[in-house]
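Asks: For what it's worth, UniProt numbering labels the leading residue of the sequence shown as 1, then goes sequentially.
We treat Cβ as the ideally placed atom computed from N, Cα and C, and that holds for glycine.
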Amino acid sequence: MATEQTQKMITVSTKAAEKIKEFMKEEAESPEYLRVYVQGGGCSGLSYGMGFEKTPEEDDIVMEENGVKLLVDSYSVDHLQGANVDYIESLMGSGFKINNPNVTKSCSCGHSFSTE
């Protein structure tokens, strides 16, 4: 069963939380959680992913930040410690941005990274 995380592994900005809740309401399946994860891929070795879930998996860490319930799997935990999910709106576009203090190298496209 999923475990509840007491320390803040990931923070979610107020603006990001508002957008996440807005997008969740638009989903037909009424998800309860936002999964934030790291997967292999990209030119620097790792990339981020986010998606909605109805229930946690057995190895998930469950936390809540600004009214958003988050899930992080056991593989992604070390790579996301201290990360912040934000929502950026600019002339170049808008979208979610993960600010991660663990990143030691990223590629020029800005979508892939590596940690030591």
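Quick check on Ser76: buried or exposed, where buried means 16 or more other Cβ atoms within 10 Å of its Cβ?
Replies: For the purposes of this step, residue 76 is taken as the residue at position 76 of the sequence shown. Buried, since its Cβ has 16 or more Cβ neighbours within 10 Å.
Asks: In the DSSP output, which residue or residues are listed as bridge partners for Gly51?
Replies: Translated into positions along the sequence shown, residue 51 becomes position 51. According to DSSP, Gly51 bridges with Arg35.
Asks: Let me make sure I understand the geometry here. Which of Glu32, Ser94 and Leu80 has the alpha-carbon closest to that of Asn100?
Replies: Counting from 1 along the sequence shown, the entry for residue 100 is found at position 100. For the options Glu32, Ser94 and Leu80, the alpha carbon positioned closest to that of Asn100 is the one of Leu80.
Asks: Between Val85 and Val36, is the Cβ-Cβ spacing less than 8 Å?
Replies: Position 85 of the sequence shown, counted from the start, is the residue given in the question as residue 85. Position 36 of the sequence shown, counted from the start, is the residue given in the question as residue 36. Yes, the Cβ-Cβ distance between Val85 and Val36 is below 8 Å.
Asks: Is Asp78 helix, strand or coil when you go by DSSP?
Replies: Position 78 of the sequence shown, counted from the start, is the residue given in the question as residue 78. Asp78 falls in the helix class under three-state DSSP.
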